[in-house]
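Note that this note's numbering numbers the sequence shown so that position 33 is 160, with each residue one more than the last. Virtual Cβ for every residue (Gly too), placed ideally from N, Cα, C.
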Amino acid sequence: MPPSALKADVPPTRRTRRHRWPLLAGAAVLLLLASVTAAITAQAAVPPPPAGWSLVWSDDFTGAAGSRVSGDWIYDTGTGYPGGPAGWGTGEVETMTNSTTNVALDGAGNLRITPVRDGAGAWTSGRIETHRDDFQPPAGGRLRVEGRIQMPDVTGDAALGYWPAFWMLGAPYRADRWSWPGVGELDIMENVQGIDREWATMHCGTSPGGPCGEKSGIGNNRACPNSPCQSAFHTYAVEWDRGMSPQQIRWYLDGIQFHTVNENQVDATTWANATNHGFFIILNVAMGGEFPAAFGGGPNGATVSGRPMVVDYVAVWQSGSGPSPTGPSPTGPSPSTSPSTSPSPSGSTSPPPGGPGAYSTLQAESYDQQSGVVTQSTGDTGGGQNLSQLANGDWALYRGVDFGTTAATQFYGRVASGACCGISGLVEVRLDSPSAAPAGSFAIADTGGWQSWRTVPANVSPITGVHNVYLTFTSGQPADFVNLNWFTFGH
128 MPPSALKADV PPTRRTRRHR WPLLAGAAVL LLLASVTAAI TAQAAVPPPP
178 AGWSLVWSDD FTGAAGSRVS GDWIYDTGTG YPGGPAGWGT GEVETMTNST
228 TNVALDGAGN LRITPVRDGA GAWTSGRIET HRDDFQPPAG GRLRVEGRIQ
278 MPDVTGDAAL GYWPAFWMLG APYRADRWSW PGVGELDIME NVQGIDREWA
328 TMHCGTSPGG PCGEKSGIGN NRACPNSPCQ SAFHTYAVEW DRGMSPQQIR
378 WYLDGIQFHT VNENQVDATT WANATNHGFF IILNVAMGGE FPAAFGGGPN
428 GATVSGRPMV VDYVAVWQSG SGPSPTGPSP TGPSPSTSPS TSPSPSGSTS
478 PPPGGPGAYS TLQAESYDQQ SGVVTQSTGD TGGGQNLSQL ANGDWALYRG
528 VDFGTTAATQ FYGRVASGAC CGISGLVEVR LDSPSAAPAG SFAIADTGGW
578 QSWRTVPANV SPITGVHNVY LTFTSGQPAD FVNLNWFTFG H
């Protein structure tokens, strides 16, 4: 969560809200307080998708009080990613843990992420991210990521240092912890110091400065309507629209659009680097760092411990044409899928004449040449073999792949991973040389097991004609990080 705090937009002066209650009989007061509490904490199920939209993934945080989040989430612990910048790259002072003191379900359909100060003055808090990192719109379609959240209920000096956030980070960051901001970041909701506002930002390009004005990014902010951000639930959403030209990313607060970034606001390379891949979702409450520092600093002795960010649900919907990203699953398209049902958003899926057709299902074990590649019997639907034990520097060559005259713009890989301990990497497409610049790539980390298969999409630079296709495997760690069963291309 880089420092959106340095944004040029400055919120209004903080105000202390004072409520004058009429004198009521004791029972009436209790009834009134109970109704207010119910309004604040009432659970809302994940809403049904609007007409024309479909649900991609969601979590409504149902579970027993004090229990951990589901296996859809990864706990980020410590003071930074292994091999990445300290303080999560933003100068935060807390230590993230997987303790239910900091991250737990409340038994009422909510997740609570709670920063806590110990007797020595040290802070702990929580940060979780989705296993899935393939969230992106289908070709020609839209993606919407939404959460219903109550910010930590703390304001004024007691809130100094609080930095809650709901955001998305480009999947390539998992393979290169120093690739921010080029890989793209979409801050759906950030808040600081208990101010009754939310910030929405896109980070991209280079830092400092660059086409996106880092470290501030391209952002805007607004106050929560009707009730303060800190005392009530509000819905925070981002909508990424590939169905219009130029592409557009829009931010919403309680359904009100208040910020937009258009593709043509930056150069083509910056936009492609920031969006030509999937994203994963993060929920966290940081303490201290560059954003709070821009608004008075903290935490300090006046800061109150133990005020949680409460999350009712997180949902991802999509609409429009194109293939749908799929989550971890042992099922899905079979390796023996015929070309007529291979993923392709539009146009003919028949392989063009000549060598292997780019739009047919290409079995990974059918390589012409390889380095570091091992095959094994697969547990994926359809049987056969998959490539296994793929690690940094490995590659496989497929000669004479014919893309025809209509450019391929999509790549799909059927992959699985049992890599532990945050190990991840990139599956890359290169043309005619293993050292050529990648035409496209996607990041992959643990999918739940070495035979827990998912189909992951990626954009590729337009490809026509006949090429030798190299699949290369790149990681910042030496350990194995992926198995590959099959791959294909689409228009």
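Just list the residues that DSSP pairs residue i with in beta bridges.
i, result
"Leu380", "Tyr363, Ile383"
"Glu317", "Ala292, Trp326"
"Ile240", "Val230, Met436"
"Pro584", "Tyr539"
"Ala523", "Gln497, Leu598"
"Phe262", "Phe406"
"Phe569", "Val554"
"Thr222", "Thr251"
"Gln445", "Ser181, Leu270"
"Trp200", "Thr257"
Assuming the contact rule is C-beta atoms closer than 8 Å, residue i and residue j should be a hit. Round their C-beta distance to whole Å, please.
i, j, result
"Val583", "Val542", "6 Å"
"Pro279", "Pro435", "6 Å"
"Trp294", "Leu270", "Contact doesn't hold; Cβ gap of about 15 Å is too wide."
"Phe418", "Val528", "Not really, about 47 Å apart at Cβ, beyond 8 Å."
"Ser551", "Trp577", "Not confirmed; about 14 Å, so no contact."
"Cys406", "Leu296", "What sits at residue 406 in the sequence shown is Phe, not Cys. Yes, Phe406 and Leu296 are in contact; Cβ-Cβ is about 6 Å, under 8 Å."
"Glu317", "Ala350", "Actually they are not in contact, since the Cβ atoms of Glu317 and Ala350 sit about 14 Å apart, beyond 8 Å."
"Gly344", "Glu219", "Not confirmed; about 18 Å, so no contact."
"Thr505", "Gln512", "6 Å"
"His361", "Ala570", "Not really, about 31 Å apart at Cβ, beyond 8 Å."
For a quick check, are the C-beta atoms of residue i and residue j less than 9 Å apart?
i, j, result
"Leu238", "Val272", "no"
"Gly346", "Met329", "yes"
"Gly193", "Gly236", "no"
"Thr627", "Met223", "The first residue shown for the chain is 128 and the last is 618, placing residue 627 beyond what the model contains."
"Gly283", "Gly321", "yes"
"Ile255", "Tyr363", "no"
"Leu558", "Ile590", "yes"
"Thr502", "Leu489", "no"
"Asn353", "Trp326", "no"
"Gly253", "Val412", "yes"
"Pro112", "Asp381", "Because the chain is modelled from 128 through 618, residue 112 falls outside the range shown and cannot be assessed."
"Thr387", "Trp398", "no"
"Val609", "Ala523", "no"
"Gly549", "Phe600", "no"
Beta strand (DSSP E) containing residue i: first to last residue?
i, result
"Phe407", "406-414"
"Ile345", "345-349"
"Arg301", "It is not in any beta strand (DSSP E) - Arg301 carries neither H nor E in the DSSP assignment."
"Asn610", "609-617"
"Glu273", "269-277"
"Thr257", "254-257"
"Asp106", "There is simply no residue 106 to check, as the chain begins at 128 and stops at 618 in what is shown."
"Ser181", "180-186"
By alpha-carbon positions, which one of the options ends up nearest to residue i?
i, options, result
"Ala286", "Pro426, Gly268, Pro589, Asn348", "Pro426"
"Asp186", "Arg259, Tyr379, Gly576, Ser487", "Arg259"
"Thr532", "Val609, Gly617, Gln374, Gln578", "Gly617"
"Pro373", "Ala395, Asn353, Ile383", "Ala395"
"Leu182", "Thr189, Pro174, Ala266", "Pro174"
"Tyr525", "Asn513, Gly214, Ser493", "Ser493"
"Gly336", "Phe614, Gly520, Gly309, Thr257", "Gly309"
"Arg244", "Glu221, Asn225, Gln263, Val230", "Glu221"
"Ala485", "Gln516, Ser446, Val556, Tyr440", "Val556"
"Gly211", "Val441, Arg304, Ser446", "Arg304"
"Cys356", "Val437, Val596, Asn225", "Val437"
"Gln384", "Ile315, Gln445, Arg301", "Ile315"
"Ser446", "Gln497, Gly510, Glu366", "Glu366"
Starting from residue i and walking both ways along the alpha helix (DSSP H), at which residues does that stretch end?
i, result
"Asn400", "395-402"
"Phe538", "Counting along the chain, Phe538 falls outside any alpha helix (DSSP H), though it belongs to the beta strand (DSSP E) covering 535-544."
"Ala420", "417-420"
Could you tell me whether any Cβ in chain D is nearer than 9 Å to the Cβ of residue i?
i, result
"Val501", "Of the chains in the structure shown, none is chain D; there is only one protein chain."
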